[in-house]
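*Asks:* Protein chains in written order, with my numbering: chain A, 118 to 195; chain B, 113 to 813. C-beta atoms are modelled at their ideal positions from N, C-alpha and C, and glycine is treated no differently. Sharing a structure, written as structure tokens. Questions coming.
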Amino acid sequence: MQTTIADLKIGQKGTITEFNIDEIPLKLLEMGCLPGNSVELIQIAPFGCPLYFVVNDSHVAIRLETAKEITVVIESTN
Amino acid sequence: MAKEHIKVALIGNPNTGKTSVFNHLTGLHQQVGNYPGITVEKKIGSCKLSENTKATILDLPGTYSLNASSIDENVVIELLMNKKDENFPDVVVVVTEVENLKRNLLLFTQIKDLEIPTILVINMSDRMKLKGIELDVPFLENQLKTKIALVSSRKNIGIEKIKELILNYESLSTEPCLNASSIDPEYFDKLRKAFPNQLVYKLWLVITQDVNFLNLDRNEMKSSFTKSHADLRRLQQKETIKRYQFINDTLKVGQKIDHSKASDIRAKLDRVLTHRIFGYFIFFFILFGIFQSIFVWSSYPMDLIDSSFANLASYAKTHLPAGEFTNLISEGIIPGIGGILIFIPQIAFLFLFISVLEESGYMSRVVFLMDKIMRRYGLSGKSVVPLISGTACAIPAIMGARNIENWKERLITILVTPFITCSARLPVYAILIALIIPQKKVLGFISLQGLTLMVLYLLGFGMAFFSAFILNKILKISSKSYFVVEMPSYKIPLFKNVAINILEKTKSFVFGAGKIILAISIILWFLGSHGPDKDFGNAQKIVEHEVYSNSYRINPSVIPNRVAEYKLEHSYIGIIGKSIEPAIKPLGYDWKIGIAVVSSFAAREVFVGTLATIYSVGNNSDEEATIKQQMKQEMREDGKPVFNFATGISLLLFYAFAMQCVSTLAIVKKETNSWKWPIIQLVFMSGFAYLTALLAYQLLK
Numbered sequence: 118m119q120t121t122i123a124d125l126k127i128g129q130k131g132t133i134t135e136f137n138i139d140e141i142p143l144k145l146l147e148m149g150c151l152p153g154n155s156v157e158l159i160q161i162a163p164f165g166c167p168l169y170f171v172v173n174d175s176h177v178a179i180r181l182e183t184a185k186e187i188t189v190v191i192e193s194t195n
Numbered sequence: 113m114a115k116e117h118i119k120v121a122l123i124g125n126p127n128t129g130k131t132s133v134f135n136h137l138t139g140l141h142q143q144v145g146n147y148p149g150i151t152v153e154k155k156i157g158s159c160k161l162s163e164n165t166k167a168t169i170l171d172l173p174g175t176y177s178l179n180a181s182s183i184d185e186n187v188v189i190e191l192l193m194n195k196k197d198e199n200f201p202d203v204v205v206v207v208t209e210v211e212n213l214k215r216n217l218l219l220f221t222q223i224k225d226l227e228i229p230t231i232l233v234i235n236m237s238d239r240m241k242l243k244g245i246e247l248d249v250p251f252l253e254n255q256l257k258t259k260i261a262l263v264s265s266r267k268n269i270g271i272e273k274i275k276e277l278i279l280n281y282e283s284l285s286t287e288p289c290l291n292a293s294s295i296d297p298e299y300f301d302k303l304r305k306a307f308p309n310q311l312v313y314k315l316w317l318v319i320t321q322d323v324n325f326l327n328l329d330r331n332e333m334k335s336s337f338t339k340s341h342a343d344l345r346r347l348q349q350k351e352t353i354k355r356y357q358f359i360n361d362t363l364k365v366g367q368k369i370d371h372s373k374a375s376d377i378r379a380k381l382d383r384v385l386t387h388r389i390f391g392y393f394i395f396f397f398i399l400f401g402i403f404q405s406i407f408v409w410s411s412y413p414m415d416l417i418d419s420s421f422a423n424l425a426s427y428a429k430t431h432l433p434a435g436e437f438t439n440l441i442s443e444g445i446i447p448g449i450g451g452i453l454i455f456i457p458q459i460a461f462l463f464l465f466i467s468v469l470e471e472s473g474y475m476s477r478v479v480f481l482m483d484k485i486m487r488r489y490g491l492s493g494k495s496v497v498p499l500i501s502g503t504a505c506a507i508p509a510i511m512g513a514r515n516i517e518n519w520k521e522r523l524i525t526i527l528v529t530p531f532i533t534c535s536a537r538l539p540v541y542a543i544l545i546a547l548i549i550p551q552k553k554v555l556g557f558i559s560l561q562g563l564t565l566m567v568l569y570l571l572g573f574g575m576a577f578f579s580a581f582i583l584n585k586i587l588k589i590s591s592k593s594y595f596v597v598e599m600p601s602y603k604i605p606l607f608k609n610v611a612i613n614i615l616e617k618t619k620s621f622v623f624g625a626g627k628i629i630l631a632i633s634i635i636l637w638f639l640g641s642h643g644p645d646k647d648f649g650n651a652q653k654i655v656e657h658e659v660y661s662n663s664y665r666i667n668p669s670v671i672p673n674r675v676a677e678y679k680l681e682h683s684y685i686g687i688i689g690k691s692i693e694p695a696i697k698p699l700g701y702d703w704k705i706g707i708a709v710v711s712s713f714a715a716r717e718v719f720v721g722t723l724a725t726i727y728s729v730g731n732n733s734d735e736e737a738t739i740k741q742q743m744k745q746e747m748r749e750d751g752k753p754v755f756n757f758a759t760g761i762s763l764l765l766f767y768a769f770a771m772q773c774v775s776t777l778a779i780v781k782k783e784t785n786s787w788k789w790p791i792i793q794l795v796f797m798s799g800f801a802y803l804t805a806l807l808a809y810q811l812l813k
């Protein structure tokens, strides 16, 4: 199992490594959700979906199934 | 040799304050229309640049990029691709926002690739200090090959600079900022050779999406430059990465952000407003406040309008020379206009709240909070906005469903929105409630009438969710959920934007729906005051004959009223009403109500106006009573009031569920591109309304 941005905890940051291009809306890429960019989970809505991220300085909310398609390297928290 | 007339297109991402810039440039010199064939709003304004130069400014729908994912966004591309379009701009003004410059510049670099002179507006520059942002403007201008205006639409700074840049647009460079075709040189070279007269970027846009462009045969072009869908997506991704590389490199030098200086109000507010408990609490509190204030505040101007039109009508009747024309004015036109104007207070208040919620950035948080709950009903978090604005009017609400990416969720939203209690139902509810529900208080402080109104609203929402739930089970449409919601930073709404929005919406109601209402009022007046000669023309004689032959029972002083009633019954409208009476009698309606119900199929709000017209035609007294008083006085043959409890409830339910709005049906047809859905809506909703009204009357009578 790869770590995806859906596995982040609130306030945790990571760097996007890759994603399944067929499952990700182009709009999300255009907002800066691209490999190499940093991503931070801000808030999870009640019942676990959607998730609110800051990626590439854009503040966006996406659904869980989309978030599960984006793999990430979690920044070591210290 | 400056041009006298410069065409400008205003383009930008959503939430960049593009509309504020537009409002500042054009003030009230705006015209709102539609693009031919589609219901996308088209806003054009004019602006004086110098002594003899004028600019026409087109405010295009907000878009994140030139890769369109909705009809609104498509409008932008189709315009920029078509040099022959009458609105094709001489110069494009791209509006960006200082806090999201990186993302906003993506669209800018795409537009630059189209080789149109382009000005870059960086809005909200007053927040730079607060956010610890510094910009090297000359460097950015050089890298981006453009001229920059630092603007604060909030503080009205920099608008003159935009005008100056527009005036001198001919000196702008039309060179692209980067070479996007380097993502696959071989492919783009082939493309360039095949169509040497066209810009490669334009060709690329044609290949990747559904835009009609030039006379190029898209199919031919697609077949010779075919790539699999996945390959195209991969190239689009590469293109986006390439653009961001350029933007990042540029901003690394041209923009300095000192994060330590940034005070983040957004994070703090988000923590509260999207909180899993407080978030909902705040949302419902706001909703409750909105409804409460709409009904309390708007009742004063509404009562005022109601009574002043009644006074005006009686003034006209007594002071103008008697005759057909005076009757038309006092019985047709004045009540008709009153029936339109009475909606203005509520519509204005609703749009006030909706635009404040949207402008402040709060609406996106509601979308975020509600998505999961709404999905259980086959809706999207984004359906919240149409459902709430449906309380004003279903038409803008259904258009607002456009930004729902998933077709099934969007269709269900469109289909159920007309169940939401719109402002057109409100006067019908208001008058019926006032007639049948006593003015009592429950528990000492909750008004029973107010409570009934709330129940009717909840009924509308409940029915919308119930049918969404059913539709979600029935409809077999599978489409991917591409749910992406931007969470904009919080802003205090600009008074000017809110005011212009309210003015525009109210104006379009008064002149749009108003025309129909007025026309129907006049037609009804005519049908009500004319009839076939045999009975109608001889009314006086027939009634006199009847009265004198029963003279021991009836006082001759009632003759004038009897004549008026007899005339109405035998007028054209009476004949129509009588003929539909069998169908509506089981619901508890007489033929007069029947006429009002039938004419309401053009638009619900016609109901009150119709009754007003019918009763003022049938009323022979000099005193012009308000509509409510007239309805109260209306008696059945057995001497009981027509508007009793059972009839009232039956009517309330009928109006809550029936699809009685031609404009809504027309908009559903446009948005779903088929007659199938509006017809299903009409049949299902009205059938359901008939059955519930029937059941209610039979149980209560």
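Please list the partners that residue 138 of chain A has in chain B, where partner means a Cβ-to-Cβ separation under 8 angstroms.
*Replies:* Numbered from its first residue, the first sequence carries residue 138 of chain A at position 21. What residue 138 of chain A touches in chain B: 342, 345, 346 and 349.
*Asks:* Are residue 723 of chain B and residue 762 of chain B close, meaning C-beta to C-beta below 8 angstroms?
*Replies:* One-based indexing of the second sequence puts residue 723 of chain B at position 611. One-based indexing of the second sequence puts residue 762 of chain B at position 650. For residue 723 of chain B and residue 762 of chain B, no; Cβs fall outside 8 angstroms.
*Asks:* Tell me where the alpha helix (DSSP H) around residue 752 of chain B begins and ends.
*Replies:* For the purposes of this step, residue 752 of chain B is taken as residue 640 along the second sequence, with counting starting at 1. First-last for residue 752 of chain B: undefined, no H or E at that position.
*Asks:* If contact is defined by three or more beta carbon pairs under 8 angstroms, each pair taking one atom from either stretch, is the stretch 156-168 of chain A in contact with the stretch 379-393 of chain B?
*Replies:* Verdict: yes, contact present.
*Asks:* Tell me whether the stretch 519-527 of chain B and the stretch 490-501 of chain B touch, counting them as touching only if at least three CB pairs, one residue from each stretch, are closer than 8 angstroms.
*Replies:* Contact holds: three or more Cβ-Cβ distances are below 8 angstroms.
*Asks:* Using the Cα positions of residue 220 of chain B and residue 589 of chain B, report the straight-line distance between them to the nearest angstrom.
*Replies:* Counting from one through the second sequence, the residue named residue 220 of chain B turns up at place 108. Counting from one through the second sequence, the residue named residue 589 of chain B turns up at place 477. Approximately 36 angstroms, taken between the alpha carbons.
*Asks:* Taking the CB atoms as reference points, tell me whether residue 547 of chain B and residue 743 of chain B lie closer together than 8 angstroms.
*Replies:* Residue mapping note: residue 547 of chain B aligns to position 435 of the second sequence, counting from 1. Residue mapping note: residue 743 of chain B aligns to position 631 of the second sequence, counting from 1. Cβ distance < 8 angstroms, so residue 547 of chain B and residue 743 of chain B count as in contact.
*Asks:* Alpha carbon to alpha carbon, what distance is there between residue 131 of chain A and residue 195 of chain A?
*Replies:* Taking the first sequence and counting its residues from 1, the one referred to as residue 195 of chain A is at position 78. Taking the first sequence and counting its residues from 1, the one referred to as residue 131 of chain A is at position 14. The predicted position of residue 195 of chain A is uncertain, since its pLDDT is 48 and thus under 50; no value can be drawn from it.
*Asks:* Got a sec: does the ligand HEM put a non-hydrogen atom nearer than 7 angstroms to the Cβ of residue 569 of chain B?
*Replies:* Of the ligands one can find in the structure shown there are none, so the ligand HEM has no counterpart to examine.
*Asks:* Would you mind telling me which residues of chain A sit closer than 7 angstroms to residue 603 of chain B, beta carbon to beta carbon, in chain order?
*Replies:* Locating residue 603 of chain B in the second sequence gives position 491, where the first residue counts as 1. Those within 7 angstroms of residue 603 of chain B in chain A number zero; the least Cβ separation is about 13 angstroms.
*Asks:* Smallest Cα separation from residue 56 of chain B: which of B:764, B:758, B:727 and B:757?
*Replies:* Nothing about residue 56 of chain B can be reported from this structure: the residues present for chain B run from 113 to 813 only.
*Asks:* Within its chain, find whatever has a CB closer than 8 angstroms to the CB of residue 536 of chain B; leave out the 5 residues flanking it on each side and keep chain order.
*Replies:* As a position in the second sequence, residue 536 of chain B is number 424, starting the count at 1. So the list reads 455, 505, 625, 715, 716, 717 and 773, once near-sequence residues are dropped.
*Asks:* Out of curiosity, what's the CA-to-CA distance linking residue 473 of chain B and residue 126 of chain B?
*Replies:* Numbered from its first residue, the second sequence carries residue 473 of chain B at position 361. Numbered from its first residue, the second sequence carries residue 126 of chain B at position 14. One C-alpha to the other measures close to 11 angstroms.
*Asks:* Compare the Cα-Cα distances from residue 244 of chain B to each of B:266, B:215, B:261 and B:210 and report the closest residue.
*Replies:* For this step, residue 244 of chain B is matched to residue 132 along the second sequence. Looking at the Cα atoms, B:210 is the closest of the given residues.
*Asks:* If the cut is a Cβ gap below 9 angstroms, which residues of chain B does residue 128 of chain A touch?
*Replies:* Taking the first sequence and counting its residues from 1, the one referred to as residue 128 of chain A is at position 11. What residue 128 of chain A touches in chain B: nothing, since even the nearest Cβ is about 10 angstroms away.
*Asks:* If you run the structure through DSSP and keep just helix, strand and coil, what is residue 393 of chain B?
*Replies:* Taking the first residue of the second sequence as 1, we reach residue 393 of chain B at position 281. If DSSP states are grouped into helix, strand and coil, residue 393 of chain B belongs with the helices.
*Asks:* In the stretch 573-603 of chain B, which residues sit with their C-beta less than 9 angstroms from some C-beta in chain A, listed in chain order?
*Replies:* Of all residues in the stretch 573-603 of chain B, 592, 593, 594, 595, 596, 597, 598, 599, 600 and 601 have a Cβ within less than 9 angstroms of some Cβ in chain A.
*Asks:* Using a beta-carbon distance below 8 angstroms, is residue 480 of chain B in contact with chain A?
*Replies:* For the purposes of this step, residue 480 of chain B is identified with residue 368 of the second sequence, where counting begins at 1. Output row for residue 480 of chain B: interface = yes.
*Asks:* Who are the near neighbours of residue 223 of chain B in its chain, counting only those whose CB is closer than 8 angstroms to its CB and skipping five residues on each side?
*Replies:* The sequence position of residue 223 of chain B within the second sequence is 111, counting from 1. Once the five neighbours on either side are set aside, the close Cβ partners of residue 223 of chain B are 123, 178, 192, 204, 206 and 230.
*Asks:* Return yes when the Cβ of residue 448 of chain B is within less than 8 angstroms of the Cβ of residue 634 of chain B, no when it is not.
*Replies:* As a first step, residue 634 of chain B must be located in the second sequence, where it is residue number 522. As a first step, residue 448 of chain B must be located in the second sequence, where it is residue number 336. Going by C-beta atoms, residue 634 of chain B is nearer than 8 angstroms to residue 448 of chain B.
*Asks:* Can you tell me the Cα-Cα spacing of residue 798 of chain B and residue 805 of chain B, whole angstroms?
*Replies:* Here residue 798 of chain B corresponds to residue number 686 of the second sequence, with the count starting at 1. Here residue 805 of chain B corresponds to residue number 693 of the second sequence, with the count starting at 1. Cα-Cα distance, rounded: 10 angstroms.
*Asks:* With a cut-off of 8 angstroms, do at least 3 Cβ pairs link the stretch 596-615 of chain B to the stretch 409-429 of chain B?
*Replies:* Taking 8 angstroms as the limit for Cβ pairs, the verdict is that the stretch 409-429 of chain B does not touch the stretch 596-615 of chain B.
*Asks:* Of all the CB atoms in chain B, is at least one closer than 8 angstroms to the CB of residue 186 of chain A?
*Replies:* Along the first sequence, read from residue 1 onward, the residue named residue 186 of chain A stands at position 69. No - not a single Cβ of chain B is within 8 angstroms of the one on residue 186 of chain A.
*Asks:* Select from B:353, B:160 and B:321 the residue whose C-alpha is nearest the C-alpha of residue 135 of chain A.
*Replies:* Here residue 135 of chain A refers to the residue found at position 18 when the first sequence is read from its first residue. Nearest C-alpha to residue 135 of chain A: B:353.
*Asks:* Can you give the Cα-Cα distance for residue 587 of chain B and residue 570 of chain B, rounded to whole angstroms?
*Replies:* As a first step, residue 587 of chain B must be located in the second sequence, where it is residue number 475. As a first step, residue 570 of chain B must be located in the second sequence, where it is residue number 458. Distance between the alpha carbons of residue 587 of chain B and residue 570 of chain B: 25 angstroms.
*Asks:* Looking at the C-beta of residue 183 of chain A, does it have a partner C-beta in chain B at a distance below 8 angstroms?
*Replies:* By 1-based counting over the first sequence, the position of residue 183 of chain A is 66. Residue 183 of chain A counts as touching chain B.
*Asks:* Ignoring anything shorter than 4 residues, give me the alpha helix (DSSP H) runs that lie fully in the stretch 163-248 of chain B, in order along the chain.
*Replies:* Complete alpha helix (DSSP H) runs here, min 4: 183-193, 213-224 and 240-243.
*Asks:* When DSSP labels each residue in this structure, what does residue 658 of chain B get in the three-state scheme?
*Replies:* Working through the second sequence from its first residue, we reach residue 658 of chain B at position 546. Note: residue 658 of chain B maps to helix in three-state DSSP.
*Asks:* Could you have a look at residue 578 of chain B and say whether DSSP puts it in helix, strand or coil?
*Replies:* Reading the second sequence from its first residue, position 466 is the one you call residue 578 of chain B. Residue state, collapsed to three classes: helix.
*Asks:* Which of the three DSSP states is assigned to residue 171 of chain A in this structure?
*Replies:* Within the first sequence, residue 171 of chain A is the residue found at index 54, counting from 1. In this structure, residue 171 of chain A counts as strand in the three-state DSSP scheme.
*Asks:* Taking Cβ positions, are residue 292 of chain B and residue 313 of chain B nearer each other than 8 angstroms?
*Replies:* Locating residue 292 of chain B in the second sequence gives position 180, where the first residue counts as 1. Locating residue 313 of chain B in the second sequence gives position 201, where the first residue counts as 1. Yes, the pair counts as a contact, with Cβ atoms nearer than the cut-off.
*Asks:* Which one of B:268, B:266, B:299 and B:259 has the shortest CA to CA distance from residue 869 of chain B?
*Replies:* There is no way to answer for residue 869 of chain B, as the model of chain B reaches only from 113 to 813.
*Asks:* Select from the stretch 174-198 of chain B all residues with a C-beta closer than 8 angstroms to any C-beta belonging to chain A, and list them in chain order.
*Replies:* Within the stretch 174-198 of chain B, the qualifying residues are 176, 177, 179 and 181.
*Asks:* So, with DSSP's three-state summary, where would you put residue 187 of chain A?
*Replies:* Taking the first residue of the first sequence as position 1, residue 187 of chain A is located at position 70. If DSSP states are grouped into helix, strand and coil, residue 187 of chain A belongs with the strands.
*Asks:* Taking residue 687 of chain B as the reference, which of B:164, B:802 and B:645 has the closest Cα?
*Replies:* The sequence position of residue 687 of chain B within the second sequence is 575, counting from 1. Residue 687 of chain B has its Cα closest to that of B:645, out of B:164, B:802 and B:645.
*Asks:* How do the stretch 269-282 of chain B and the stretch 230-241 of chain B stand: do at least 3 beta-carbon pairs fall below 8 angstroms, yes or no?
*Replies:* Yes: the two stretches touch, three or more of their Cβ pairs being nearer than 8 angstroms.
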